[in-house]
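Start counting the sequence shown at 44; every next residue gets the next number (our numbering).
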Amino acid sequence: MRIKGIASDTLIFILETSKSTAPQEFAGLLQEKDGIITEVLILPGTESSEQNAVIKLFMMPNVKAVGSIHSHPGPNHEPSQADLHMFSKTGNCHIIVGYPYDRQSWTCYDTEGNVRELQVIDEKFEDFE
Numbered sequence: 044m045r046i047k048g049i050a051s052d053t054l055i056f057i058l059e060t061s062k063s064t065a066p067q068e069f070a071g072l073l074q075e076k077d078g079i080i081t082e083v084l085i086l087p088g089t090e091s092s093e094q095n096a097v098i099k100l101f102m103m104p105n106v107k108a109v110g111s112i113h114s115h116p117g118p119n120h121e122p123s124q125a126d127l128h129m130f131s132k133t134g135n136c137h138i139i140v141g142y143p144y145d146r147q148s149w150t151c152y153d154t155e156g157n158v159r160e161l162q163v164i165d166e167k168f169e170d171f172e
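Laid out in structure tokens, this is it:
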């Protein structure tokens, strides 16, 4: 599936959740509908700390993820080696959010850690039901 963008409401959810959990990292998996990221799946057993967030992929139900999201407690939103390892397991659209958790403090990466364009689409959740 080609990802066209992320729903504005979904991005707002990601930013607000990242801000509210700081300095702990927030992590989840991204799901899409019709090529637009509309949902964040938070897996049971996900562990968060100020250093990292660990998603237990073995807890993933029988659903498909197009990528991942996690936050960093500081302004750096570049992927670490651990992030790149996770990227290789969960799709091709990975968002890292950093402080101050606003619309300018996130970046989307592909599986190899290259920055990729991800359009924010002004659609509401109810538009996808």
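Where a beta carbon is used, it is the ideal one built from N, C-alpha and C, also for glycine.
Because the structure is a prediction, the values reported are computed rather than measured.
Neighbourhood of residue i by C-beta distance below 8 Å, restricted to the same chain and skipping five residues each side
{"i": "T150", "result": "H120, E121, I138, I139, V158"}
Residue i - DSSP class collapsed to helix/strand/coil
{"i": "A50", "result": "strand"}
{"i": "H39", "result": "Residue numbering for the chain in the displayed model covers 44 to 172; residue 39 lies beyond these limits and cannot be assessed."}
{"i": "E59", "result": "helix"}
{"i": "A125", "result": "helix"}
For residue j and residue i, the rounded distance between their alpha carbons
{"i": "L127", "j": "G110", "result": "12 Å"}
{"i": "I79", "j": "S123", "result": "26 Å"}
{"i": "E75", "j": "Y142", "result": "25 Å"}
{"i": "F56", "j": "Q147", "result": "15 Å"}
{"i": "E155", "j": "S51", "result": "25 Å"}
{"i": "P66", "j": "P116", "result": "5 Å"}
Chain C within 8 Å of residue i, Cβ atoms only
{"i": "G117", "result": "Among the chains of the structure shown, chain C does not appear; only one protein chain is present."}
Which residues DSSP lists as bridging residue i, in chain order
{"i": "I164", "result": "A50"}
{"i": "Y152", "result": "H137, V158"}
{"i": "A108", "result": "For A108, which the question treats as bridged, DSSP gives no partner whatsoever."}
Where residue i falls, given that 16 or more other Cβ within 10 Å makes a residue buried
{"i": "S63", "result": "exposed"}
Same chain only: Cβ atoms within 6 Å of residue i, ignoring 5 sequence neighbours per side
{"i": "I85", "result": "G71"}
{"i": "E59", "result": "none"}
Beta-carbon proximity list for residue i, same chain, < 7 Å, skipping 5 on both sides
{"i": "S61", "result": "F69, S114, V140, Y144"}
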